[in-house]
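J.: Those protein sequence lines, which keep their order, are chains R and C.
In terms of the working numbering, the first sequence is numbered consecutively and its last residue is 645.
In terms of the working numbering, the second sequence is numbered consecutively and its last residue is 350.
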Amino acid sequence: MTTLTKQQQDPAARAGLPKAGKPARRSLTNRLGDMKVALFFIFPAMIGFVLFYLVPTIRGVYLSFTEYSILGEPTWIGIKNYSAMLGDELFWNAMAVTVQYVGLNIGFQTVIALGLALLMHRVAKSTFIRGALLLPFLVANVIVALLWFWMLDYQMGIVNEIISWMGLPRIAFFGSEQWAIPTIAAVNVWRHMGYTALLLFAGLQSIPNHVYEVASLDGASPTRTFWSITMPLLRPVLVLVLVVTVIGSFQVFDTVAVTTAGGPINASRVIQMYIYQKAFGESDFGYASALSVILFLILALVAFVQMKFLKGNESDLD
Amino acid sequence: MSTSTLTRKKSINNIAVHKKPVNWRRVGAWALVAVAVAVTVAPFLWMLRTALSTNASLASNASNLLPADFNLGAFKRVLGMQSPEEAIAEGGSGAAINFWLYLRNSVIFATVTTAGQVFFSAMAAYAFSRLRWPGRNVVFSLFLATMMVPPIFTALPNFLMIKNLGLLNTFAGMTLPFLFMTPFAIFFLRQFFLSMSREVEEAAMLDGAKHLRIFFQIVLPNAAAPLATLALLTFIGQWNEYFWPLLVGQDESVRVLTVGLGVFKSQSPQGAPDWTGLMAATLVAAIPVLLLFIAFGKKVVNSIGFSGIK
Chain R
328 MTTLTKQQQD
338 PAARAGLPKA
348 GKPARRSLTN
358 RLGDMKVALF
368 FIFPAMIGFV
378 LFYLVPTIRG
388 VYLSFTEYSI
398 LGEPTWIGIK
408 NYSAMLGDEL
418 FWNAMAVTVQ
428 YVGLNIGFQT
438 VIALGLALLM
448 HRVAKSTFIR
458 GALLLPFLVA
468 NVIVALLWFW
478 MLDYQMGIVN
488 EIISWMGLPR
498 IAFFGSEQWA
508 IPTIAAVNVW
518 RHMGYTALLL
528 FAGLQSIPNH
538 VYEVASLDGA
548 SPTRTFWSIT
558 MPLLRPVLVL
568 VLVVTVIGSF
578 QVFDTVAVTT
588 AGGPINASRV
598 IQMYIYQKAF
608 GESDFGYASA
618 LSVILFLILA
628 LVAFVQMKFL
638 KGNESDLD
Chain C
41 MSTSTLTRKK
51 SINNIAVHKK
61 PVNWRRVGAW
71 ALVAVAVAVT
81 VAPFLWMLRT
91 ALSTNASLAS
101 NASNLLPADF
111 NLGAFKRVLG
121 MQSPEEAIAE
131 GGSGAAINFW
141 LYLRNSVIFA
151 TVTTAGQVFF
161 SAMAAYAFSR
171 LRWPGRNVVF
181 SLFLATMMVP
191 PIFTALPNFL
201 MIKNLGLLNT
211 FAGMTLPFLF
221 MTPFAIFFLR
231 QFFLSMSREV
241 EEAAMLDGAK
251 HLRIFFQIVL
261 PNAAAPLATL
271 ALLTFIGQWN
281 EYFWPLLVGQ
291 DESVRVLTVG
301 LGVFKSQSPQ
311 GAPDWTGLMA
321 ATLVAAIPVL
331 LLFIAFGKKV
341 VNSIGFSGIK
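1. When the Cα atoms are used, what is the spatial distance from Q436/R to W86/C?
2. Report the rounded CA-to-CA distance for N204/C versus M188/C, giving the unit in angstroms.
3. Check the Cβ of N198/C against every Cβ in chain R and list those closer than 8 Å, keeping chain order.
4. Under 8 Å by Cβ, that's how I've got G387/R and L196/C pegged, so tell me the actual separation to the nearest angstrom.
5. Would a check of beta-carbon distances place S103/C closer than 7 Å to chain R?
6. Residues of chain C with CB closer than 8 Å to the CB of Y522/R, please, in chain order.
7. With a cut-off of 8 Å on the beta carbons, I'd call P190/C and L229/C a contact; round off their distance for me.
8. Touch check for the region 68 to 79 of chain C and the region 435 to 450 of chain R: three-plus C-beta pairs under 8 Å?
9. Measure the beta-carbon distance from V579/R to V469/R and round it to whole angstroms, keeping in mind my assumption that it falls under 8 Å.
10. For G669/R versus V341/C, is the C-beta distance shorter than 7 Å?
11. Within its chain, find whatever has a CB closer than 7 Å to the CB of W279/C; leave out the 5 residues flanking it on each side and keep chain order.
12. Please compile the residues from chain C whose C-beta is within a distance smaller than 9 Å of the C-beta of F500/R.
13. Label H537/R either buried or exposed according to how many other C-beta atoms from any shown protein chain fall within 10 Å of its C-beta, with 16 as the threshold for buried.
14. Which whole-angstrom value is the C-beta distance of K605/R and A594/R, which I expect to be below 8 Å?
15. Find out if the Cβ-Cβ distance for the pair T425/R, I598/R is shorter than 7 Å.
16. For the region 474 to 492 of chain R, list every residue whose C-beta sits within 9 Å of some C-beta in chain C, in sequence order.
17. Evaluate contact between the region 153 to 164 of chain C and the region 220 to 229 of chain C, counting only Cβ atoms and requiring at least three cross-stretch pairs below 8 Å.
18. Thinking C-beta only, is L98/C closer than 7 Å to S169/C?
19. Which residues bound the beta strand (DSSP E) around G399/R?
20. Between the Cα of L106/C and those of A96/C, G113/C and T90/C, spot the shortest distance and give me the residue it belongs to.
21. So is D581/R in contact with chain C if we call contact Cβ pairs under 7 Å?
22. Taking 7 Å as the CB-CB limit, is T454/R close to chain C?
23. Can you list the residues of chain C that F612/R reaches, using a CB-CB cut of under 8 Å?
24. Give me whichever residues DSSP pairs with E394/R in a beta bridge.
25. Pull up the distance between the alpha-carbon of A212/C and that of T153/C, whole angstroms please.
26. Skipping 5 residues on each side, what residues in its chain have a beta carbon closer than 8 Å to that of F464/R?
27. At a Cβ threshold of 7 Å, is Q427/R touching chain C?
28. Does any residue of chain C have a CB that is nearer than 7 Å to the CB of Q335/R?
29. What three-state label does DSSP hand V147/C in the structure shown?
30. Taking any Cβ of chain R, which residues in the region 59 to 90 of chain C have a Cβ under 8 Å from it, in chain order?
31. In angstroms with no decimal places, state the Cα-to-Cα distance between V77/C and V466/R.
32. Return yes when the Cβ of I508/R is within less than 7 Å of the Cβ of Q427/R, no when it is not.
33. Please specify which runs of the alpha helix (DSSP H), each continuous and at least 4 residues long, are wholly inside the region 283 to 327 of chain C, giving them in chain order.
34. Report the option in G530/R, I485/R, S491/R and Y481/R whose CA atom is closest to the CA atom of W506/R.
35. Identify each residue in the region 361 to 380 of chain R for which the Cβ-Cβ distance to at least one residue of chain C is less than 7 Å, and report them in chain order.
36. Using C-beta distances below 7 Å, list every residue in its chain close to W475/R, excluding the 5 sequence neighbours before and after it, in chain order.
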């Protein structure tokens, strides 16, 4: 549980530096250490790493500079894919839709999860309750999507039944341009809130109790305690959780694919859906690769901002 | 001495008693917890309620909490125990849903990838934690760095490679990218291997045991708990995987449940979708994960704090 925070506090352990003692440097055999055995043990993982991580990464970048329709060979076209993107309305639309989705999803998810984490921390530590809240996260995206597709159905969905029972007009959740993205965001908030809450809960657990005791001796109100103690001390974990979830939600696909497939019109065509359609719908692998390079760069930027935030927060617990 | 402890205990109790009036806060907090649990659990009950209804009576009883016209037809339809005529009569598409085949494929896909990934990652983690060799930290950092690469980025080139190898629509093509490692699995296990004491290992070495024996007879058994947790998390993740099987395993013979559910949904006639069948299918597809969760829930819940670094 506490590993989460330990990770950030101890960069040496995170980077995998040896804990103590210098390796003896006497003979060649000593210097090579267990090299032969190590090679044997690492061999399968090395195959996986090179074939399915390293080579694809390089190849993906290369393909983004080519025109490639899967039939035949890729042709080098320089930055043409990237310059085409500038004038591609569907690309900008996908970007805007994705950012809208990420904003809605992360905003609501973080606030709700933080509330749930505080509740768990203060009153309900039981594994049963934490388990119940985690349940939607364990079920496949596809299942969650179908479940809500049914519950939010315009005609017979229970949510619309309740809405009309309250005397309000029914809502075409997945079928209207204005509702599609907020609906998909809400469904994924439902799926992920328990998981995010558990991560934040782990962070709350690691705040030493005596800090709270001192605050209550000083007569701080719960609100004051929350803003002056809990939030600052939780910030490193919060930032880490935010980045993990932002990176995850930029890659939303399953829910969209099963419910709206990008529609109505282009209202829910998120960036990963656009990449998928370019590659497998239009066989334009070069352009699709360029799109995923851009997505990769955005995610790297998010991670970079995270590093900055984390560094600024390192001294909070001292 | 005992009296002083007693008084202290008493005074602590007094404080606790004194604080009791604030309990309205707790009541409110518990109410919120109850609402949150209801919000997460109720949809699953609705899924069950729908699956136990008939499509015909669903419309007229849309908001009835109990199954409308209770029956098991939807489950029978999904499990292939209904004739096409019966299925159409009950609102199904009439198309065969090869549920058992998809189930088998899901089991193969999730089991093979989990077993391979956990085992090979354990081997690598052993090399990264218990063996000394030049370049160890550089290679490990390189492995870790790939955690940053988003799956969609490697998915396209990986698809092309699998296609060029002629492995589209084969289990080999579906499992290979997951089979050997994930940076997370190696990182996860390395943390535990690092904390194991060297003494048992050294004693075994003095007895002439080789690394393979140490790995199999000392390290693996001692790391049974983290290995089981990792296997559990991996299995659930693989069982739920959609994107890669969608790209590589479209063919009926290797189609997994998640992809099958998507196809099932699009097969439903647009006018009146087979909601009861769809809900029965999603429920049955979720059952393995739900069972795992009932059996090992505590393990999963407690490992989430750790997996946050993912």
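From the three backbone atoms N, C-alpha and C, an ideal C-beta is built for every residue, glycine too.
T.: So, from the data block:
1. So the two alpha carbons sit approximately 23 Å from each other.
2. Computed Cα separation, rounded: 26 Å.
3. Here the neighbours are F379 and P383.
4. Going by Cβ atoms, the distance from G387/R to L196/C rounds to 6 Å, so yes, they are a contact pair.
5. Residue-level contact by beta carbon holds for S103/C and chain R, with a gap shorter than 7 Å.
6. Result: I344.
7. Going by Cβ atoms, the distance from P190/C to L229/C rounds to 23 Å, so no, they are not a contact pair.
8. A contact exists between the region 68 to 79 of chain C and the region 435 to 450 of chain R.
9. The C-beta separation of V579/R from V469/R comes to about 13 Å, leaving the pair out of contact by the 8 Å criterion.
10. No answer is possible for residue 669/R: it lies beyond the span of chain R, which begins at 328 and ends at 645.
11. These residues qualify, in order along the chain: S146, A150, P328 and V329.
12. Residues of chain C with a Cβ closer than 9 Å to the Cβ of F500/R do not exist; the shortest Cβ-Cβ separation is about 14 Å.
13. Answer is exposed; the Cβ neighbour count stays below 16.
14. At roughly 18 Å, the Cβ-Cβ gap does not stay under 8 Å, so K605/R and A594/R are not in contact.
15. Between T425/R and I598/R, the C-beta gap is smaller than 7 Å, which places the two residues in contact.
16. Of all residues in the region 474 to 492 of chain R, L474, W475, F476, W477, M478, D480, Q482, M483, G484, I485, N487, E488, I489 and W492 have a Cβ within less than 9 Å of some Cβ in chain C.
17. Yes: at least three Cβ pairs fall under 8 Å.
18. Judged by their CB atoms, S169/C and L98/C are not nearer to each other than the 7 Å cut-off.
19. Looking at the DSSP string, the run of the beta strand (DSSP E) that includes G399/R is L398 to W403.
20. Of A96/C, G113/C and T90/C, the residue nearest in Cα terms is T90/C.
21. With 7 Å as the cut-off, D581/R counts as an interface residue toward chain C.
22. Answer yes: the Cβ-Cβ gap between T454/R and chain C drops below 7 Å somewhere.
23. Near F612/R (Cβ distances below 8 Å), the residues of chain C are L196 and L200.
24. When beta bridges are read from the DSSP output, E394/R appears opposite T402/R.
25. Cα to Cα, the separation comes out at about 10 Å.
26. Closer than 8 Å at the Cβ level, and outside the excluded window around F464/R, lie R518, H519, G521 and Y522.
27. Taking 7 Å as the threshold, the shortest C-beta distance from Q427/R to chain C does not fall below it.
28. Here Q335/R scores only 42 on pLDDT, less than 50, and its place in the model should not be relied on; the value that follows carries that caveat. No - not a single Cβ of chain C is within 7 Å of the one on Q335/R.
29. Of the three classes helix, strand and coil, the one that applies to V147/C here is helix, per DSSP.
30. Using a CB distance below 8 Å, the part of the region 59 to 90 of chain C facing chain R consists of R66, A69, W70, L72, V73, A76, V77, V79, T80, V81, P83, F84, W86, M87 and T90, ordered along the chain.
31. Linking V77/C to V466/R through their CA atoms gives a straight-line distance of about 16 Å.
32. It is a contact, given that the beta carbons lie within the stated cut-off.
33. Counting only runs of 4 or more, we get 283 to 288 and 297 to 307.
34. Cα-wise, what sits closest to W506/R is Y481/R.
35. Residues passing the 7 Å Cβ filter: D361, M362, V364, A365, F368, I369, P371, A372, I374, G375, F376, F379 and Y380.
36. Within the same chain, W475/R has close Cβ partners V514.
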